[in-house]
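Here the sequence shown stands for residues -17 to -1, 1 to 717, where the numbers follow mature numbering (1 follows the signal peptide of the UniProt record, and there is no 0). We put the CB at the ideal spot given by N, CA and C, even for glycine.
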Amino acid sequence: MGWGTLITRRLKVFSLALFVYFDYKAVQKRVQWVSTVKKNAIWAKTHERNARRVLNLMIELEGLWVKMGQYLSTRADVLPEPYIEVLKQLQDSLPPRPLEEVCGTIEKELGKPMRQLFATFDVDPLATASIAQVHRATLEDGREVVVKVQHDGIKEIILEDLKNAKSLIEWIAWAEPQYDFNPMIDEWCKEAPKELDFNHEAENTRTVSKNLSRKTEGGSGGVSSDVDVLIPEIIQSTEKILILEYMDGIRLHDNDSLEEYGVDKKRLVEEITRAYAHQIYIDGFFNGDPHPGNFLVSKEPPHKPILLDFGLTKRISQSMKQALAKMFLSCAEGDQVALLSAFAEMGLKLRVDMPQQSMEIASIFFRQSTTATEAKENIKALNEQRERNAKALQEKMKLNKKEVKHFNPVDAFPGDAIIFMRVLNLLRGLSASLNVRIVYLDIMRPFAESTLLGSLTRGPSTNSEWIYDSPVNSEVESKLRSLLLEMGSDKILGLQVCAYKDGKVIIDTAAGTLGKYDPRPVQPDSLFPVFSVTKGITAGMVHWLVDQGKLKYEETVADIWPKFGTNKKELIKVHHLLNHTSGLHNALGDVVKTDPMSVCDWEEMLDQIAKSTPETEPGSSQIYHYLSFGWLCGGLIEHASGRKFQEILEEAIVHPLHIEGELYVGIPPVLEESETEVLEQCLKFNFYEKRDPREETTAYLELTYWITDSAYVDQDNFGLSFTISSSERHFLQG
């Protein structure tokens, strides 16, 4: 290919890109002043005329642009309908290359004349694609085959098209920063040239066929992860020629034939999805180009999918395979911690800590597919989500609207993950083009679980490594750890156990993993979100008051707390509160629904408890007091002792256990006045520092709360078990 041709191709690409871009910008201005009906009509015409412009240029240039058009034609879930209708013509055969060129390539590659190679050779190709065309033939031994012949000079065209595509993507990212596809085109530039060697494709086909024919065990519940697909046998290959077994099948876009043969399109797409889940999660070796042209459907029942074209095939490492499995399963479970852990393991680095938005974006790839008829609503929903995430990012990073458009929250994106997400998008487009709805989470879960849980069970489960290595504090802790080893990971996912006796720690054991799909070990300082833990604390404080002679279990609550004795609560006794038989199980429910922030007002909640009415007779029914228990016990504690709740908490529990500054019920006042951002840091910040600023003393700090710019550091408010000097405080604040 001469320089003139290369320059001409580039000029045509960029001329059309600019033409289409300014057309959309002009329409964007124009539709601001018209009605909704006219606006929709204008946009529809705009999409159609630009789709035809793009189609005509892709057919003219062929090469990589046809392959890109084939990909776009499958994205009925996100692209406007006119683009899908126009570009899906590229899934049909392109204009064929001359027979003389085809025969010349075959004879040159195989070293023999056509009459010695084939008993018959169909002049008209079965299909013509971007890189090659396929002819049906019969070998001398009678076997029916297809012969895939690479277009003459296509290698130079593809390599040049990749350069043009890279330049075009860079320009789009500059003009519209929110559409930065550079990581994707970079990975494509690396992988696409591999399709030009048919020896490479032949070996890939043999490998995938062997992998999918293996019998494998599935994930949870013993679900089989076997797949039922067909792959043609490889007969012979060279760099530019590939001879395969002939399989008679129906093309996916031939809807009339699919209906005529009674093909279950939903089952078809599900089986294709299972095949790709097996390739990705079980084998770590998958076809990166599953567009509709690379599939056929067998005409014989049960109409199995026929998988074709393994030129663009990706191999991933065991660690990447497990990271992708963890990402999928964390999305399925809504586990943000495991998702961020998966990102780190696969090498995806973010510039901002926004786990909720990360979960929403990652979940897009695994969400239930939408049909082509729902495409408009789907596009609208995705745009709304993009706007919400942009707004959240703007607030998080304190950016203006212009700055947020140019801010890329991703610092590093692994190439393996790009091909993986491209495959998921193509599969989603496949289901949309066939107008079927697929629940990917259900189909792919057994394969992901098989990979991740298989790797976890191969690790230490019933040996000493399963328990975190920490000193044994007592004989009872030694017995506990022996019991844990007997139970093992089959019965226990992860745990922390801590027990005090007479103010001393007698058990401090951690074991297992942080989550079903998170293999990191549980440690004594691992953080967990837990619920209703203060029920045990408040009940313990009531029992402590009984031990102190301040309360009796048979005592009527109204005798201790006079305001409580209204609305049929006169007969409720202390033991009714403790064993959830007071009948006040739904007390405060309506209050919280009406004004959720009222839970922050202690006195208001006690007043509401005093006004509440029981739903059952005291002692008649034991029903869990999910919301009211803490305030019932809290009001009882304060009225029985004549002191504040926190004072009794410190005297009964905190001081005897020497955990000053470590246990609070409610937020301490000094923290309550701090900013929300500081409170968020309190939940996740542990700071250890060794400092000797005056060479007088060494302070060992274990801070469970963030050191703010307060004028003083107070032991009670910040949980420090010692005082620090002004110079040390200055160092910490700095």
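Suppose you measure from the CA of GLY486 to the CA of LYS518; what does that come to, to the nearest Å? 21 Å
Contacts around LYS627, its chain only, beta-carbon distance under 7 Å, and the 5 residues preceding and following it disregarded: GLU621
By Cβ distance, which residues of its chain are closer than 6 Å to MET524, with the 5 residues on each side in sequence left out? ILE620, ILE631, ALA635
My assumption, with CB atoms under 8 Å, is that PHE181 sits in contact with LEU225. Please give the rounded CB distance. 4 Å
Taking three-plus beta-carbon pairs below 8 Å as touching, is the stretch 76 to 85 in contact with the stretch 248 to 262? no
Per DSSP, cross-strand counterpart(s) of HIS558: According to DSSP, HIS558 bridges with nothing at all.
For HIS30, the nearest candidate out of TRP16, LEU44, LYS8 (CA to CA): LYS8
What do you reckon, are the CB atoms on ILE490 and VAL648 nearer than 8 Å? no
Rounded distance between the beta-carbons of GLY232 and LEU279, thought under 8 Å: 3 Å
Quick check: what's the CA-CA separation for CYS481 versus PRO507? 9 Å
Apart from the five residues just before and just after THR434, which ones in its own chain have a Cβ nearer than 8 Å to its Cβ? TYR264, ILE265, LYS304, GLN305, ALA308
MET329 versus ILE299 - alpha carbon distance: 11 Å
With a threshold of 6 Å on Cβ separation, who are the neighbours of PRO63 within its own chain once the five nearest residues in sequence on each side are excluded? HIS30
Can we say the stretch 182 to 190 touches the stretch 44 to 57, given the rule of at least three CB pairs closer than 8 Å? no
Own chain residues within Cβ distance below 6 Å of TYR536, not counting five before or after: VAL557, HIS558
Run through DSSP, which three-state label would GLY202 get? Its pLDDT being 44, under 50, GLY202 is placed unreliably by the model, and the measurement read from it follows with that caveat. If DSSP states are grouped into helix, strand and coil, GLY202 belongs with coil.
At the level of alpha carbons, what is the spacing between VAL14 and ILE25? 8 Å
Per DSSP, what kind of secondary structure is ILE233 in: helix, strand or coil? strand
Which term fits LYS193, buried or exposed, when burial requires 16 or more other beta carbons within 10 angstroms of its beta carbon? exposed
What do you get for MET580, buried or exposed, if any count of 16 or more other CB atoms within 10 angstroms of its CB means buried? exposed
In whole angstroms, what is the alpha-carbon distance linking PRO639 and THR256? 60 Å
Count the CB pairs spanning the stretch 412 to 426 and the stretch 461 to 477 that are closer than 8 Å, and state whether there are at least three. no
Complete runs of the alpha helix (DSSP H) confined to the stretch 521 to 596 [at least 4 residues]: 540 to 543, 557 to 561, 572 to 577, 585 to 594
Using the Cα positions of VAL49 and LYS22, report the straight-line distance between them to the nearest angstrom. 31 Å
Per-residue burial, SER453 [other beta carbons within 10 Å of its own, 16 or more giving buried]: exposed
For ILE114, the nearest candidate out of ILE137, MET97, ASP105, PHE104 (CA to CA): ILE137
Taking the beta strand (DSSP E) that ALA102 falls in, what are its first and last residues? 101 to 104
Report yes if the CB atom of VAL128 is closer than 8 Å to the CB atom of ILE218, and no otherwise. yes
From SER240 to LYS131, what distance separates their C-alpha atoms? 24 Å
Excluding sequence positions up to five away, which residues of its chain have a Cβ less than 6 Å from the Cβ of VAL419? LYS248, LYS249, VAL252
Please classify LEU1 as buried or exposed, where buried requires at least 16 neighbouring CB atoms within 10 angstroms. exposed
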